[in-house]
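What follows is one structure encoded as structure tokens, with my remarks underneath.
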Amino acid sequence: MNDAKTDKQLRLYVGLVASGGAVCLLWAAATAPAVAPGKLFYLAALTVIIAAASGPLIELRVRSDHRSFSSTSGSILIAVATVPLPWVIICTAIGVLASKMFVRDPMKIVFNVAKDTAAATAAVATAYAIGVRPTAALTLEVDDLPLLALGLTLAAVAYAVVDDLLGHTVVAMATRTSWRQSFSRNWDVVATVRLANVGLALLVALVIDLEQLLIVAMIPAVLALQFATKNRIRQRADQEAWQRLASSTDRLNVTELTSVLTAAVTRAPELFSADEAEIELSDTDPPRLIRGSAGGLVYEGRLATAPLRDSPAIEAQLAGPDTEAVGTLRLRFRKPVKLSDSERYKLQTFASSLYTAIRNARAYAELKRINAENAYAAAHDPLTGLANRRELLEQAAEVFKARAADGLCAMLLIDLNHFKEVNDTLGHGAGDQVLREVAKRLEDSAQPGDLVARLGGDEFAVLFTGLPTPAVAAHRAETMLADLERNIEVDGMQLTVEAAGGIAMAPASGGVQELMRRADVAMYQAKRSGQRTATYLHARDTADIGRLMLGGQLSRAVAEHEFVVDFQPIVDLGSGEVVSAEALARWHHPEHGSLSPMQFLETVERSGQLPAFADAVLEQSLTAYGMWREAGFDLPVAVNVSPRSLLDATFPNAVLARLAAHGVKADRLVLELAETLTLSQLEVVDRALSELRDAGVRLALDDFGTGVSSLSVLSRLPVHQLKIDREFVTAVETSSEAAAVIRSTVDLARSLHLTVIAEGVESEPQRHALWELGCVAGQGHLFSRPMRSGRMLAALQRGSGGRPGALASALHTAGSVVRMPHRRSPGHGRSSLPHLPA
């Protein structure tokens, strides 16, 4: 219906233009002055020039039609300057008609002849009004060159106005686009040609004024110029087409498939002058269709429900060189179209880019899906779908940051009573049904903002947030546990689930781990008392009482030098030679005996005695180093650092002062940082670590691989050593996973120019396995237990196998290993550990 209406409008419009052109031609025929027979040759030659110039300089596809741009105005301006006004019109009509005789569409012939006739009439009328009036003798009766130039310029403008007005109107009607859109296509190309035509016409007019027979020479000149101009314009048009193609394919480089398809079907119509473009994805179930035009998306959905289109189409398969097609790209036109070789090559290029973009978008979507599944799996329990322990800890940490503004928070720790009997009696399948139902009831009872998690086995936790008072936590916990006691049907049997819950309010210090510990203490209090729930009470926490007892004795311990330091050698795994030693603090308590740091360090950190304790350990460590050095053993000493020491602004200066007092070089001291402790205060400790590092003190990352973000720690801390946790060393012979962790750690350390030290080496097979994996140093009971500095010196002097400084036999014969010189790392002042193989 729309096409029929458009064709009717076109015929009417062409008829109007043809009528106007006919009137101009009839007037010219009636008023044309007679010319001498000898001048007819000139008119014939001029007509040939007009016919030659009417050939297309460039032919562009506009929708299903071709729009031609020619340099007719140049030849007509020559006529304007040299022949009377009526003869310009007559020569133009005859020349244009001759050039269009091979066009198959009669309506196009009529329109082009009428349009150019009308444009020529406007041009000669304008020139005549200015004063450019050639006589019947075909001579230019004007001696004023500026006047001639002005007349031809204004004639060219008049020609352009009429030509563009009539030409772009018919294109806009035929393509159902705006006149402005039609005019804007290659307007600069047309303007350049018309401007050049003014100069050409002025030059030719002056030459012919000298000798009219030179018009014959103008015919090949015009044809040559026509050919050269055509080539230049075609090259530019082709370059612009490839630029548009590149721009269109760039639009496809997005990661979302719908965006890729939308960009393709909205850019392709403009790129190939099609009415519509559509993409059929045949490899989906069901097949999918996306259809669009330059104006936007037309349809997106199932192929079976898409509106039918019976218009001519050109297709391109969406496939790679050796892969099956994922679909088809179609360009739809109003009428049959045949693409040129260049256009078809561009279409194939666009289709290949679209295929690649579709594959990339699908790959990105799959990767995004897998990442989302992995992220969900990492944060949720696979059986119940509840948050797991990791997610609970992370969410609780976030709540702790905002608890001052959002109210109180508390933890409810739940343990099912006698759940093992369900598994033993009914089987694990029934046990899983019970756990899923418990999880569902806890979630149903939770309030918005609460987080329900399964910690493992039959243990659950609920994080309460936004509590107005502590009593609310106890009330809500009672409600949740009472809801669990309703019967649960499993395989036709009614089961009753009982549970005990411990409630703890968020502590002022100690973080999430302390909160969970307190909730665990309260939960076991509930179990022992036979109650449904119990709330944590500080007075009933025997662990806290023990810490308080120790805390009151710290001042005496510092004053009486009860803190002592033992040293464990760190050995070259290949040679068995001692290369450094780690300082291990002990508290020789008069009542409790020898206490390890695990038993008293937290109390020391909270007591205010940490600076004195750290100073005592450092003093003893540096004293031991001096003794070994005097005996000929220059062994660096490694000292563990508490995170709270790094929060003390005076700590770096205190360390450097101790080094200076003992005359020890800074690089002889290694400060070991626990991986987990560096995470929580990473921003705060940067300044302290930078001061120590810049002074030359070396840094080691302890228990590497056991923390939750080892790589993020390495990216922030400029350490020199990595210490592999003993749990990986213990399993290195039997666990391929442990071996893989050690191997990857060694590879990572090698790329960062770090030294790797294995902790807890207990046997020769472990030593050999570590050496084969590339680990060069280790410590453990295989070589020596921790001992006092004097005893260690004696062991060094005694040596092994007659080799002082060695605590084990070499894995290789002398000379079989070539030691490379130590290298200084290019960044952060990192270097290999002294005396260790690089």
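Numbering (full-length UniProt numbering), first residue to last: 1 to 838. Beta carbons: idealized from backbone N, C-alpha and C, even for Gly. Since we're looking at a predicted model, the values are computed, not measured.
Rounded separation between M598 and Y364 - CA only
47 Å
Grab me the residues of S311's own chain with a C-beta within less than 6 Å of its C-beta, minus the 5 sequence neighbours each way, in chain order.
R332
If you check the beta carbons only, do I488 and V497 fall under 8 Å apart?
yes
What's the gap between the Cα of A18 and the Cα of F111?
6 Å
Considering Cα atoms alone, identify which of F783, L354 and A461 is closest to D415.
A461
With H, G and I counted as helix, E and B as strand and the rest as coil, what does DSSP make of L318?
strand
From F704 to A688, what does the alpha carbon distance come to, in whole angstroms?
21 Å
Have a look at the DSSP bridge pairing and note the partners of P569.
A581
CB of A557 within 8 Å of CB of F400, strictly:
no
Quick check on this structure: which residue in V14, A674 and S621 has the alpha carbon closest to the alpha carbon of S645?
A674
Only counting the same chain, and skipping five residues up and downstream in sequence, which positions put a Cβ closer than 6 Å to that of P286?
R302
Under 8 Å, do H592 and E562 count as touching if we go by C-beta distance?
no
Element boundaries [alpha helix (DSSP H), containing M792]
S789 to R798
Taking C-beta to C-beta, are E582 and A638 nearer than 8 Å?
yes
What's the C-alpha gap between L647 and T284?
59 Å
Nearest to A325 by CA position, among G663, R334, V298 and Y355, is which residue?
Y355
Compare the C-alpha of V521 against each of A34, W87, G530 and A534 and name the closest.
A534
Just verifying my parser: in three-state terms, what is the DSSP assignment at M523?
helix
Between the Cα of residue 840 and those of T117, A98 and V113, spot the shortest distance and give me the residue it belongs to.
Past the edges of the chain, shown from 1 to 838, lies residue 840, and the structure says nothing about it.
Which of the three DSSP states is assigned to F464 in this structure?
strand
Below 8 Å, how does it come out for the stretch 340 to 358 and the stretch 410 to 429: are there three or more Cβ pairs, yes or no?
no
Taking buried to mean at least 16 other C-beta atoms within 10 Å of its own C-beta, is N640 buried or exposed?
buried
Contacting residues, own chain, Cβ-Cβ under 8 Å from Q681 (five flanking each side not counted):
With a pLDDT of only 47 at Q681, under the threshold of 50, the placement of this residue in the model should not be trusted; the figure read from the coordinates follows. Taken in chain order, the residues that qualify are P643, L646 and L647.
Best match in R133, A125 and M787 for proximity to V157 [C-alpha to C-alpha]
A125
L10 to G167, Cα distance in whole Å?
12 Å
DSSP three-state call for R288: helix, strand or coil?
strand
Between which two residues does the beta strand (DSSP E) carrying G427 extend?
Run containing G427: none; DSSP gives neither H nor E here.
Exposed or buried, which one is Q447 when buried takes at least 16 other CB atoms within 10 Å?
exposed
Would you call R785 buried or exposed, if buried means 16 or more other Cβ atoms sit within 10 Å of its Cβ?
exposed
For the stretch 417 to 432 against the stretch 466 to 481, do three or more pairs of beta-carbon atoms, one drawn from each stretch, fall closer than 8 Å, so that the two count as touching?
no
May I ask you to verify whether the stretch 150 to 165 touches the stretch 86 to 105, counting CB pairs closer than 8 Å and requiring at least 3?
no
Cβ neighbour criterion (16 or more within 10 Å) applied to T425:
exposed
Kindly indicate which three-state DSSP category R502 falls into: helix, strand or coil?
Note that residue 502 is Gly in the sequence shown here, rather than Arg. Residue state, collapsed to three classes: strand.
Out of curiosity, what's the CA-to-CA distance linking G327 and L367?
22 Å
May I ask which residues mark the beginning and end of the beta strand (DSSP E) holding residue 902?
Residue 902 lies beyond the range of the chain shown here (1 to 838); nothing can be said about it.
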